[in-house]
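Chemist: I have a structure I would like to understand better, so I am pasting it below and will then ask my questions one at a time.
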């Protein structure tokens, strides 16, 4: 009986192998893309947290500055622009080639001596309006820093980081 010599790989086998390899490459590209997107979201959230920490630390460092009613700390809203290089700016970059993400920083100050600052009379838990020593009502200030940003093309709603602390004169 005569044996036939092997004639190599058929076109069908080559096409099947290429299809399997193409699926593998597509899966690897999807993993890389998703990992990059996740890392970018994490970096953006970390930058927002750093901005919130810096803002809160600046307020707490200034403190009440000897004011018995601690009216030196006030509510405010401002924007911070974080460039891809890591620099923070208060104004958007004039150069359009500079990439900067806009973060909106909102400082909410609830002061026990200024009732109008306490929204809807909600003084927190434990309440900042409580007596501190015996029956004497002291001054407590609740400082809340919120940093919000948009992630266009990734998430439709705004993202936010909130830090809070209290201070007294």
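Numbering (the working numbering), first residue to last: 1 to 169. For each residue, glycine too, the CB sits at the ideal point set by N, CA and C. Values in this document were obtained by computation on a predicted structure and should not be read as measured data.
For the alpha helix (DSSP H) that residue 62 lies in, which residues bound it at each end?
Modeler: In the chain shown, residue 62 corresponds to position 62, counting from 1. 11 to 62 is the extent of the alpha helix (DSSP H) around residue 62.
Chemist: Run through DSSP, which three-state label would residue 96 get?
Modeler: Here residue 96 is taken as the residue at index 96 of the chain shown, counted from 1. DSSP places residue 96 in coil when its eight states are reduced to three.
Chemist: In this structure, how does DSSP classify residue 117 when only helix, strand and coil are distinguished?
Modeler: Along the chain shown, one-based indexing puts residue 117 at 117. In the structure shown, residue 117 sits in a helix (DSSP, three-state: H, G or I).
Chemist: State the Cα-Cα distance for the pair residue 76 and residue 108, rounded to the nearest angstrom.
Modeler: Position 76 of the chain shown, counted from the first residue, corresponds to residue 76. Position 108 of the chain shown, counted from the first residue, corresponds to residue 108. Going from the Cα of residue 76 to the Cα of residue 108 covers about 7 Å.
Chemist: Just list the residues that DSSP pairs residue 102 with in beta bridges.
Modeler: For this step, residue 102 is matched to residue 102 along the chain shown. Answer by DSSP bridge pairing, in chain order: 81.
Chemist: Cα separation between residue 58 and residue 143?
Modeler: Position 58 of the chain shown, counted from the start, is the residue given in the question as residue 58. Position 143 of the chain shown, counted from the start, is the residue given in the question as residue 143. Spanning the two alpha carbons is a distance of roughly 11 Å.
Chemist: Under 8 Å: do the region 40 to 60 and the region 143 to 157 share three or more Cβ pairs, one atom per stretch?
Modeler: The answer is yes - the region 143 to 157 touches the region 40 to 60, with three or more Cβ pairs under 8 Å.
Chemist: Which same chain residues end up closer than 7 Å to residue 56 when comparing Cβ atoms and leaving out the 5 residues on each side of it in sequence?
Modeler: Residue numbering aside, residue 56 sits at position 56 when the chain shown is read from its first letter. So the list reads 143, 145, 163 and 165, once near-sequence residues are dropped.
Chemist: Among 3, 8, 85 and 141, whose alpha-carbon lies nearest the alpha-carbon of residue 126?
Modeler: By 1-based counting over the chain shown, the position of residue 126 is 126. Among 3, 8, 85 and 141, the Cα nearest to that of residue 126 is on 141.
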